[in-house]
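2 protein chains.
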Amino acid sequence: MSTSNEKKEVTIYDIAAALQISAATVSRGLKNHPAIKQATKDRIFAQAERMGYRFNTFARNLRTKRTYTIGVIVPRLNSMFMSDVIAGMEKVSNEAGYELIISQSLETMEKEMKNAVTMFNNRVDGLLVSLAYTTTGIDHFKRFFDKNIPLIFFDRVFEHPNCPNIVINNYKAAYELTSYLIQQGARRIMHVAGNLNRNVYSQRFKGYRDALLDNGIQFQEGWLIVNNLSAEDGIHTAKHIYALTERPDAVFVANDTCAVACMQELKRNGIYVPKDILVAGFNNDPIATVVEPNLTTVNYRGPEMGEMAAKTLINLLNGNGEQHTAATIMLRHELIIRDSTQRPQ
Amino acid sequence: MSTSNEKKEVTIYDIAAALQISAATVSRGLKNHPAIKQATKDRIFAQAERMGYRFNTFARNLRTKRTYTIGVIVPRLNSMFMSDVIAGMEKVSNEAGYELIISQSLETMEKEMKNAVTMFNNRVDGLLVSLAYTTTGIDHFKRFFDKNIPLIFFDRVFEHPNCPNIVINNYKAAYELTSYLIQQGARRIMHVAGNLNRNVYSQRFKGYRDALLDNGIQFQEGWLIVNNLSAEDGIHTAKHIYALTERPDAVFVANDTCAVACMQELKRNGIYVPKDILVAGFNNDPIATVVEPNLTTVNYRGPEMGEMAAKTLINLLNGNGEQHTAATIMLRHELIIRDSTQRPQ
DNA sequence: TTAATTTATGCAACCGATTGCAAAAAAAAA
DNA sequence: TTTTTTTTTGCAATCGGTTGCATAAATTAA
Chain L
1 MSTSNEKKEV TIYDIAAALQ ISAATVSRGL KNHPAIKQAT KDRIFAQAER
51 MGYRFNTFAR NLRTKRTYTI GVIVPRLNSM FMSDVIAGME KVSNEAGYEL
101 IISQSLETME KEMKNAVTMF NNRVDGLLVS LAYTTTGIDH FKRFFDKNIP
151 LIFFDRVFEH PNCPNIVINN YKAAYELTSY LIQQGARRIM HVAGNLNRNV
201 YSQRFKGYRD ALLDNGIQFQ EGWLIVNNLS AEDGIHTAKH IYALTERPDA
251 VFVANDTCAV ACMQELKRNG IYVPKDILVA GFNNDPIATV VEPNLTTVNY
301 RGPEMGEMAA KTLINLLNGN GEQHTAATIM LRHELIIRDS TQRPQ
Chain D
1 MSTSNEKKEV TIYDIAAALQ ISAATVSRGL KNHPAIKQAT KDRIFAQAER
51 MGYRFNTFAR NLRTKRTYTI GVIVPRLNSM FMSDVIAGME KVSNEAGYEL
101 IISQSLETME KEMKNAVTMF NNRVDGLLVS LAYTTTGIDH FKRFFDKNIP
151 LIFFDRVFEH PNCPNIVINN YKAAYELTSY LIQQGARRIM HVAGNLNRNV
201 YSQRFKGYRD ALLDNGIQFQ EGWLIVNNLS AEDGIHTAKH IYALTERPDA
251 VFVANDTCAV ACMQELKRNG IYVPKDILVA GFNNDPIATV VEPNLTTVNY
301 RGPEMGEMAA KTLINLLNGN GEQHTAATIM LRHELIIRDS TQRPQ
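Just so you know, the sequences run in chain order L and D. Numbering (the UniProt record's numbering) for the first sequence: 1 to 345. Numbering (the UniProt record's numbering) for the second sequence: 1 to 345.
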């Protein structure tokens, strides 16, 4: 095993012995317990410092059965949005004395299940989850419910009596965006969605469809494309559109990655945006301002979502907010209009 | 405190009692110890399942003084590169029975120091670090050296006798890229670098400078711009270039974000890439293939770097590789030539 | 059938902080 | 000075696996 030239670890017993007091006093002193005289505390801290003491989290966890740790499971870390979300969570958590354990499901239910087990074994006090693409149910979180470990979904959520949800109003955002496209003169509007089992995509689809409906446009089956919203899917979508005899005059894609890829492939095939077709995305990724023309999209602030999720969880953990734990918290979004949907007159 | 309607936790003692055997046997059985008869193991596992037993990590950690946890500190999570790195680390770690604790320094030394303390208190068995932008020294890792906790730097590294480094050959990559620009006919080549205290930027600068030198081009002080390589810095850089009386005919920027922003701002000011000026970046971010023209850059595979870093660390932890722990491991990179540097004839 | 091996299991002392309760010390009241 | 009250501090059991060493059980050899 490991090179074991580490010297013996210093414990509160060592400090107690050196100071001729009891370990109990040291334990209390170190955590600033009011029953300990200031003078004693000072001596304890000084001695701890002098001996190079480090607190043993495990001994405490073993005893208290709490870890002051929050588990986070997200599909992927590599988006500005997720990074922002996590930064927000970290801020709130650290201020409240909690640590974060982060893991990514890489969009598969299988990995998500493994992550859940790991989190469970690491005895996180609570869990913040945004569901993977392929997740079909949430039985893998049952153990958390059984043990009364609070679980909060954010962004990609699941309706469950035990779980508050933190989301944006995907329905409304899609409705607004679609209405805007109609207002720009579009009549044949396609929608590229992700897995409709995920709330974010089903809600966006519904918002889109209802906007059509409310504007007297009959939704046609062929206008809906469901795929994984990857860049490759964007290219496929463009090819599909290109091959249509009756082409759409606008496409609303449920994320920016796919929208951008689609737009570029359309352009390569001589279909220009926004001249020939309007394109809009969702998320406001950095690429949206790089692609030409710049992409119209929906922005929602990640830090806010992360903060809200962490705050809600910590309130639950501290026993506050039991009286009024909201089932769903909706954060605000904003439509960002750029050149990709500005029909030239 | 928390709603405490959780039932009593099941322990190996409960399993032992139910099966009329000793806790020691249960403990060994659960971890598949060869000294336990298969039949006994089967009974143990079945009983554990039946009683809803969950392993207590803390009791083990307390006893073994190992956590099977690896700490990871990175500047930011929100890049494809970092996400890839972490995916690679996770793969190798999980296969070897280790968990990852990930935190981001958000490019500041202050946060990095805090993260280091957290990791230390969480008793990670080892640490994988890529340094923040503003980090000026590594005293905050001294406690790890003192306790003989292995620390490996990757990408943004620091030379230290105790720490293996996992990097790419930034010098060579920059040298090759610059040579290529010269070959394309460029003679007045600017370089936009990040903080020169970070190896990645100083090495890229040196590679650039030596390539000039070796091609008989005299490096001029004004050709070097040092900034934070953000998008805003890219715009500033473009404005700076625009204002020059004697403009460069090529710019080599040390990352893609900044390169792209710079390119776009140049374009807005009527300076066209690659007609008027060649632009190259570094990293091969997704935006490099979205911007027009597509950006020439240097690719290096994150997963490989993550895997290598984790492997090296785990070898150290397991006591292998002590005889030949390399001080520096260099991974391969590749020059990716795209339109932004193709001078039209 | 008995002795020599091999295999399987148990004993019990750890790891280090926590905390209810009791007792000692110090301060205030009588 | 004695008694009462308030502060401080200590005792000791507890959390739940782990593991060296000893012993019992099962197998094999004699």
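Quick reminder that beta carbons are idealized off the backbone N, C-alpha and C, glycines included.
Could you tell me whether the Cβ atoms of residue 167/L and residue 330/L are closer together than 7 Å?
In terms of Cβ geometry, residue 167/L and residue 330/L form a close pair [threshold 7 Å].
Any chain D beta carbon closer than 7 Å to residue 36/L
When Cβ-Cβ separations below 7 Å define contact, residue 36/L makes no contact with chain D.
One or two residues paired with residue 103/D in a DSSP bridge
Paired residue(s): 73/D.
Per DSSP, residue 163/D forms a beta bridge with which residues?
According to DSSP, which records beta bridges pairwise, residue 163/D is partnered with 160/D.
With H, G and I counted as helix, E and B as strand and the rest as coil, what does DSSP make of residue 45/D?
Judged by DSSP in its simplified three-state form, residue 45/D adopts helix.
So within the region 169-229 of chain D, which uninterrupted alpha helix (DSSP H) runs reach at least 4 residues, ignoring any that extend past its ends?
Listed in chain order, they are 170-183 and 199-214.
Which one or two residues does DSSP pair with residue 235/D in a beta bridge?
Residue pairing of residue 235/D in beta bridges, as defined by DSSP: absent, with no partner found.
Ends of the alpha helix (DSSP H) at residue 15/L?
According to the DSSP assignment, residue 15/L belongs to the alpha helix (DSSP H) that extends over 12-19.
Check whether the region 67-80 of chain L and the region 114-132 of chain L are in contact - that is, three or more C-beta pairs closer than 8 Å.
Between the region 67-80 of chain L and the region 114-132 of chain L, the count of Cβ pairs shorter than 8 Å is three or higher; the stretches touch.
First and last residue of the uninterrupted alpha helix (DSSP H) at residue 288/L
If you look at residue 288/L, you'll find it isn't in any alpha helix (DSSP H); DSSP assigns it neither H nor E.
Quick check on DSSP: helix, strand or coil for residue 316/D?
Residue state, collapsed to three classes: helix.
For the region 231-244 of chain D against the region 261-275 of chain D, are there 3 or more C-beta pairs whose distance is under 8 Å?
Judged by Cβ distances under 8 Å, the region 231-244 of chain D makes contact with the region 261-275 of chain D, as three or more pairs qualify.
Terminal residues of the alpha helix (DSSP H) in which residue 88/L lies
Note, residue 88/L: alpha helix (DSSP H), 80-95.
For residue 151/D, would you say it is in contact with chain L, using Cβ-to-Cβ distances shorter than 7 Å as the test?
Proximity of residue 151/D to chain L, defined by a Cβ-Cβ separation below 7 Å, is not satisfied.
Looking only at C-alpha atoms, which of 15/D, 300/D, 282/D and 229/D sits nearest to residue 134/D?
Out of 15/D, 300/D, 282/D and 229/D, 229/D has the C-alpha closest to the C-alpha of residue 134/D.
Just verifying my parser: in three-state terms, what is the DSSP assignment at residue 342/L?
In this structure, residue 342/L counts as coil in the three-state DSSP scheme.
Is the CB of residue 224/D under 7 Å away from at least one CB in chain L?
Judged by the 7 Å Cβ criterion, residue 224/D is not in contact with chain L.
Under three-state DSSP, which class holds residue 61/L?
In the structure shown, residue 61/L falls within a helical segment according to DSSP collapsed to helix, strand and coil.
Counting Cβ pairs closer than 8 Å, one from the region 250-265 of chain L and one from the region 279-291 of chain L, do we hit at least three?
They touch, by the three-pair rule.
Taking C-beta to C-beta, are residue 85/D and residue 302/D nearer than 7 Å?
A contact, by the Cβ cut-off of 7 Å.
Where residue 323/L falls, given that 16 or more other Cβ within 10 Å makes a residue buried
With a pLDDT of 47 at residue 323/L, under the threshold of 50, the modelled position of that residue is not reliable, and no figure is offered here.
From the DSSP output, which residues share a beta bridge with residue 154/L?
The partner list for residue 154/L (beta bridge, DSSP) reads 166/L.
Look up residue 126/L in the DSSP assignment and give the residues it is bridged to.
Residue 126/L is bridged to 70/L.
Looking only at C-alpha atoms, which of 189/D, 310/D and 217/D sits nearest to residue 99/D?
Comparing Cα positions, the closest option is 310/D.
Please confirm if the region 134-150 of chain D is in contact with the region 48-59 of chain D, defined as three or more CB-CB distances below 8 Å between the two stretches.
No, the region 134-150 of chain D is not in contact with the region 48-59 of chain D.
Whether or not the region 149-161 of chain D and the region 100-116 of chain D are in contact is what I'm after, with contact meaning three or more pairs of Cβ atoms, one per stretch, closer than 8 Å; do they touch?
Segments in contact, no.
Could you run through the UniProt domain "HTH lacI-type" (10-64) of chain L and flag, in chain order, every residue whose CB is less than 8 Å away from some CB of chain D?
Taking 8 Å as the upper bound on Cβ-Cβ separation, chain D lies near residues 52, 54, 55, 56, 57, 58, 59, 61 and 62 of the UniProt domain "HTH lacI-type" (10-64) of chain L.
Residue 299/L (DSSP reduced to helix, strand or coil)
Of the three classes helix, strand and coil, the one that applies to residue 299/L here is strand, per DSSP.
Taking CB distances under 7 Å as the criterion, tell me whether residue 260/D reaches chain L.
Using beta-carbon distances, residue 260/D counts as an interface residue toward chain L, with a partner under 7 Å.
Does the beta carbon of residue 83/D come closer than 7 Å to any beta carbon on chain L?
Using beta-carbon distances, residue 83/D counts as an interface residue toward chain L, with a partner under 7 Å.
Taking residue 80/D as the query, report the chain L residues whose CB atoms sit under 8 Å from its CB, ordered along the chain.
In chain order: 78.
Give the C-beta separation of residue 338/L and residue 184/L to the nearest angstrom, bearing in mind that I take them to be a contact with Cβ-Cβ under 8 Å.
With 8 Å as the limit, residue 338/L and residue 184/L do not qualify as a contact, their Cβ atoms being about 12 Å apart.
Using a Cβ-Cβ cut-off of 7 Å, state whether residue 323/D counts as contacting chain L.
Note that residue 323/D scores 47 on pLDDT, short of 50, meaning its location in the model is unreliable; the coordinates nonetheless yield the value given after this. With 7 Å as the cut-off, residue 323/D does not count as an interface residue toward chain L.
Under 7 Å between C-beta atoms, does residue 74/D make it to chain L?
Closer than 7 Å: no.
Can you check whether the C-beta of residue 299/L is within less than 7 Å of a C-beta belonging to chain D?
Output row for residue 299/L: interface = no.
Short Cβ contact (7 Å threshold) for residue 254/L with residue 278/L
No, the Cβ-Cβ distance between residue 254/L and residue 278/L is not below 7 Å.
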